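A.B. asks: Quick one: the structure is below, and I'll ask about it shortly.
Residue numbers (this note's numbering), protein chains in the order written: chain A, 2 to 379; chain B, 246 to 622.
As structure tokens, then:
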């Protein structure tokens, strides 16, 4: 590999990028839009769940319970309806995610039998939101019931029996307030990198093939290796700059903590970019067609990074065969490294398994990418 | 006129048939995406691995801990004997949750005081952690209730029966087992259609422009409007075929119910396809190279995807973001998809979505057609 020729290749590529203002827009705005969209849009916290209430009893007790729902930050009691049909309709038409029905004999059963019930009708379409709403509703009702029990014990002079036998103390590590933004945003850096790499490398090279300028390049004395390194080098630099931009935005704008080492961040990012760029390069060498290259690249870089890396969907909840596949998905290691670098102050030493796995990938992909091109030259 | 449009359509189909990449893109990625989403996209929380440290070794502590495995939500992966192990396990993110019971747990219970269960949670995945915490609360609550009643029962059995209790009876509708697949599979139909149709339309036009064949088409007697129809009708048909393919594979493979009216769904599909064609056309007027088309497409498709409510609920977004979602055609289509598949609701419930989608589609088509005519004049 001749350094001078490689540098010349890189310079040509850089000039080409700079001349096309759109490429610059892609390089700067795409990551920004991406991180803003995901930072604001990709939230899983269930707050302000719209609630419709059907209070069949309308007693003091039932009203007190409803007040407890109103006071909860997780629920917005939108309105009270006075028939079941209206409640059904509200859930059917997405106006309400939770419908609370207090039966007509709510306090009567409490007085007679000591035990009464409330109905929570949930829109189960979105199973995750439903599950969260269920947990919060349960907490509201149990807290209310607990207070009622305290009163009851006091009224019957059983105060010594009133102490709750068990309390749960939580210690939450790494994402202390359990905010979904801290969970999602670190992984978006991987998504942005996957997208940029696939987009830039696969399209620019496929374009040279489509336009026939690749033959001109081949006719010059540059070797296959030099073409690859020279072409991908600028994108690696852009990718690293974008990663830094994303990280700054995550921390400065969204307030995500960054507790780990910068060295670990840039080393893992470089390894990831090498793999992504290498894959994009191979695809464009193989397809020589921009539409094909872009769609294949999305399929092998974006899709696994979004779906199988643990970015949003927890790997341990996937069926066993899919879990096995995730070990082959290189993004898995990068996303796991990113989350630990941002949230749990992981340094290089803590990330040895991830770094080893990604290094193996980088070498293998690098070798294959050079080979792929050599073949197509013949 | 019909003859010219017809020939144009035949030309497009011939081109699609000869392009092996396009053929592949139309069939393989949609099915692959459907399968991956169906299997991997889940926010469910089952068999959470936990580590336990029991410093009390009493019957009471064992009773409490055994309740965790009994629910099936948790799986005791490690039984530890000292705190350092616990710290390193959680620190390395090897295990998402640990339970700790201090010595003297049973003694406090017996004295009628409050005993403590310490739960150490890795909050990195906030969603899993939140749901798991919900389960822990339920288990702990049940344990406390049982213990308190038992205690009262021994002192004064007559009173124990009348301790006030409230049960929350939960009825998740439409998806009683809260199965993630039922949520994601209808959504995938929408997202795949969006990505595929926008990209295909934009690329097809820009490519002709890039290669220079668009000019050749323009010197033929075809009129701009006929050209637009000739270019979009094939992608409409292809998009429709893909919707059917993905919907059939998704519902049969993952056994997602279809409870609504096919005609209502079809109306939604047609409106949505038209809006994606409008977007594709619009992007083609904004781009002179395929790379630009791809990037512009992404600037639209990606936000449209994230803001649609496909995976992330719209109600959880900041208010300003929620406003933007009203401009997203996929938002309305997803409500129509889930409404017809899971809720089984009809036009009487879905008409606002249909209306919004129709308005959005008309505006998109008007703007893009106007721009397209200008760009080829």
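All C-beta atoms in this analysis are idealised placements derived from N, C-alpha and C, irrespective of residue type, glycine included. Predicted model only: the values in this text are computed from it and were never measured.
Residue 417 of chain B versus chain A: which residues are under 7 Å apart at the beta carbon?
C.D. replies: Here the question's residue 417 of chain B lines up with position 172 in the second chain. Near residue 417 of chain B (Cβ distances below 7 Å), the residues of chain A are 123, 125 and 131.
A.B. asks: Determine the contact status of residue 345 of chain B and residue 358 of chain B, defining contact as a CB-CB distance below 7 Å.
C.D. replies: Within the second chain, numbered from 1, the residue matching residue 345 of chain B stands at position 100. Within the second chain, numbered from 1, the residue matching residue 358 of chain B stands at position 113. Cβ atoms of residue 345 of chain B and residue 358 of chain B: not closer than 7 Å.
A.B. asks: Report the residue ranges of all alpha helix (DSSP H) runs contained in full by the stretch 227 to 260 of chain A; include only those spanning at least 4 residues, in chain order.
C.D. replies: The stretch 227 to 260 of chain A contains no whole alpha helix (DSSP H) run of 4 or more residues.
A.B. asks: Report yes or no: is there a C-beta of chain B within less than 7 Å of the C-beta of residue 260 of chain A?
C.D. replies: Translated into the one-based positions of the first chain, residue 260 of chain A becomes position 259. By this cut-off, residue 260 of chain A is not an interface position.
A.B. asks: Compare the C-beta of residue 339 of chain A against all C-beta atoms of chain B and say whether one is closer than 7 Å.
C.D. replies: Sequence index remark: in the first chain, residue 339 of chain A carries index 338 (1-based). No - not a single Cβ of chain B is within 7 Å of the one on residue 339 of chain A.
A.B. asks: Within its chain, find whatever has a CB closer than 6 Å to the CB of residue 262 of chain A; leave out the 5 residues flanking it on each side and keep chain order.
C.D. replies: Position 261 of the first chain, counted from the start, is the residue given in the question as residue 262 of chain A. Closer than 6 Å at the Cβ level, and outside the excluded window around residue 262 of chain A, lie 348.
A.B. asks: Taking residue 7 of chain A as part of the alpha helix (DSSP H), name the residues at either end of that continuous run.
C.D. replies: To locate residue 7 of chain A, count along the first chain from 1; it is residue 6. Where residue 7 of chain A is concerned, the enclosing alpha helix (DSSP H) stretches over 4 to 20.
A.B. asks: Please name the residue in B:478, B:527 and B:589 whose C-alpha comes closest to that of residue 508 of chain B.
C.D. replies: Here residue 508 of chain B refers to the residue found at position 263 when the second chain is read from its first residue. The shortest C-alpha separation from residue 508 of chain B is found at B:589.
A.B. asks: For residue 454 of chain B and residue 11 of chain A, I'd like the C-alpha separation in whole angstroms.
C.D. replies: Along the second chain, read from residue 1 onward, the residue named residue 454 of chain B stands at position 209. Along the first chain, read from residue 1 onward, the residue named residue 11 of chain A stands at position 10. The alpha-carbon atoms of residue 454 of chain B and residue 11 of chain A are separated by roughly 29 Å.
A.B. asks: My understanding is that residue 480 of chain B touches residue 530 of chain B, with C-beta atoms under 8 Å, so please give their C-beta distance in whole angstroms.
C.D. replies: For this step, residue 480 of chain B is matched to residue 235 along the second chain. For this step, residue 530 of chain B is matched to residue 285 along the second chain. Actually they do not touch by this definition, with Cβ atoms about 16 Å apart.
A.B. asks: If the cut is a Cβ gap below 7 Å, which residues of chain B does residue 175 of chain A touch?
C.D. replies: Residue mapping note: residue 175 of chain A aligns to position 174 of the first chain, counting from 1. Neighbours of residue 175 of chain A on chain B, chain order: 367, 368 and 369.
A.B. asks: Please report whether the beta-carbon of residue 93 of chain A lies at a distance below 7 Å from any beta-carbon of chain B.
C.D. replies: What you label residue 93 of chain A is simply residue 92 of the first chain in a count that begins at 1. Yes, because at least one Cβ of chain B sits closer than 7 Å to the Cβ of residue 93 of chain A.
A.B. asks: Among A:274, A:195 and A:94, which has the Cα closest to the Cα of residue 581 of chain B?
C.D. replies: In the second chain, residue 581 of chain B corresponds to position 336, counting from 1. The residue with the shortest Cα to Cα distance from residue 581 of chain B is A:94.
A.B. asks: Can you check whether the CB of residue 332 of chain A is closer than 7 Å to the CB of residue 355 of chain A?
C.D. replies: On the first chain, position 354 is the one that residue 355 of chain A refers to. On the first chain, position 331 is the one that residue 332 of chain A refers to. No. Outside cutoff.
A.B. asks: Checking contacts by CB at 7 Å: is residue 392 of chain B closer than that to chain A?
C.D. replies: Sequence index remark: in the second chain, residue 392 of chain B carries index 147 (1-based). Output row for residue 392 of chain B: interface = yes.
A.B. asks: Please list, in chain order, the chain B residues whose beta carbon lies closer than 7 Å to that of residue 135 of chain A.
C.D. replies: Residue mapping note: residue 135 of chain A aligns to position 134 of the first chain, counting from 1. By Cβ distance, chain B contributes 415.
A.B. asks: Can you look up residue 361 of chain B in the DSSP assignment and give me helix, strand or coil?
C.D. replies: Counted from its first residue, the second chain places residue 361 of chain B at position 116. Correct three-state label for residue 361 of chain B: strand.
A.B. asks: Going along the stretch 99 to 119 of chain A in order, which residues come within less than 8 Å of chain B, judged by CB to CB distance?
C.D. replies: Answer set for the stretch 99 to 119 of chain A: 111, 114, 115, 116, 117, 118 and 119.
A.B. asks: Of all the CB atoms in chain A, is at least one closer than 7 Å to the CB of residue 266 of chain B?
C.D. replies: To locate residue 266 of chain B, count along the second chain from 1; it is residue 21. Taking Cβ atoms only, chain A reaches closer than 7 Å to residue 266 of chain B, which makes this a yes.
A.B. asks: Suppose you measure from the CA of residue 229 of chain A to the CA of residue 22 of chain A; what does that come to, to the nearest Å?
C.D. replies: As a first step, residue 229 of chain A is located in the first chain; it is residue number 228 there, counting from the start. As a first step, residue 22 of chain A is located in the first chain; it is residue number 21 there, counting from the start. Computed Cα separation, rounded: 23 Å.
A.B. asks: Taking its Cβ as the centre, do 16 or more other Cβ atoms sit within 10 Å of residue 154 of chain A, making it buried, or is it exposed?
C.D. replies: Position 153 of the first chain, counting from 1, holds the residue named residue 154 of chain A. That one is buried.
A.B. asks: Under 8 Å by Cβ, that's how I've got residue 406 of chain B and residue 115 of chain A pegged, so tell me the actual separation to the nearest angstrom.
C.D. replies: Along the second chain, read from residue 1 onward, the residue named residue 406 of chain B stands at position 161. Along the first chain, read from residue 1 onward, the residue named residue 115 of chain A stands at position 114. Contact holds; Cβ gap of about 6 Å.
A.B. asks: Leaving out five residues on either side along the sequence, give the residues of the same chain with a beta carbon under 7 Å from the beta carbon of residue 294 of chain A.
C.D. replies: The sequence position of residue 294 of chain A within the first chain is 293, counting from 1. The answer, listed in chain order, is 203, 204, 207, 284, 285 and 288.
A.B. asks: Give me the chain A residues within the contact set of residue 352 of chain B, using Cβ-Cβ distance strictly less than 8 Å, ordered along the chain.
C.D. replies: Here residue 352 of chain B is taken as the residue at index 107 of the second chain, counted from 1. Simply none; closest approach about 12 Å.
A.B. asks: At the 7 Å Cβ level, is residue 272 of chain B part of the contact set with chain A, yes or no?
C.D. replies: Walking along the second chain from the start, residue 272 of chain B turns up at place 27. Chain A contact via Cβ: absent.
A.B. asks: Could you check whether residue 342 of chain A and residue 327 of chain A sit closer than 7 Å to each other, using their CB atoms as the reference points?
C.D. replies: Position 326 of the first chain holds residue 327 of chain A. Position 341 of the first chain holds residue 342 of chain A. Against a cut-off of 7 Å, the Cβ pair of residue 342 of chain A and residue 327 of chain A comes out as no contact.
A.B. asks: Name the residues in the stretch 353 to 364 of chain B whose C-beta lies less than 8 Å from a C-beta of chain A; which are they?
C.D. replies: Correct list: 354, 357, 358, 359, 360, 361, 362, 363 and 364.
A.B. asks: So, for residue 249 of chain A: in the same chain, excluding its five sequence neighbours on each side, which residues have a beta-carbon less than 8 Å away from its beta-carbon?
C.D. replies: For the purposes of this step, residue 249 of chain A is identified with residue 248 of the first chain, where counting begins at 1. Same-chain partners within the cutoff: there are none.
A.B. asks: Excluding five sequence neighbours on each side, which residues of the same chain lie with their C-beta closer than 8 Å to the C-beta of residue 369 of chain A?
C.D. replies: Counting from 1 along the first chain, the entry for residue 369 of chain A is found at position 368. 279 and 283, listed in sequence order.
A.B. asks: Counting contacts by CB-CB distance shorter than 7 Å, is residue 304 of chain B in contact with chain A?
C.D. replies: For this step, residue 304 of chain B is matched to residue 59 along the second chain. Answer no: the Cβ-Cβ gap between residue 304 of chain B and chain A never drops below 7 Å.
A.B. asks: When you compare the CB of residue 193 of chain A with every CB in chain B, is at least one pair closer than 7 Å?
C.D. replies: The residue labelled residue 193 of chain A in the question sits at position 192 within the first chain. Chain B contact via Cβ: absent.
A.B. asks: List the residues of chain B that residue 45 of chain A touches, going by C-beta distances under 8 Å, in chain order.
C.D. replies: If you number the first chain from 1, residue 45 of chain A lands on position 44. Within 8 Å Cβ-Cβ: 288, 371, 372, 557, 558 and 561.
A.B. asks: Following a CB-centred definition, is residue 107 of chain A positioned closer than 6 Å to any heavy atom of the ligand FAD?
C.D. replies: Summarising the ligand content, the structure contains no ligands, and the ligand FAD is consequently not present.
A.B. asks: Residue 50 of chain A touches chain B at which residues, Cβ-Cβ below 8 Å?
C.D. replies: Taking the first chain and counting its residues from 1, one reaches residue 50 of chain A at position 49. Residues of chain B passing the Cβ test: 560.
A.B. asks: Does DSSP put residue 317 of chain B in a helix, in a strand, or in coil?
C.D. replies: Walking along the second chain from the start, residue 317 of chain B turns up at place 72. Coil at residue 317 of chain B, not helix or strand.
A.B. asks: Considering residue 174 of chain A, what are the terminal residues of the alpha helix (DSSP H) in which it resides?
C.D. replies: Locating residue 174 of chain A in the first chain gives position 173, where the first residue counts as 1. Note, residue 174 of chain A: premise wrong, no alpha helix (DSSP H); beta strand (DSSP E) at 167 to 174.
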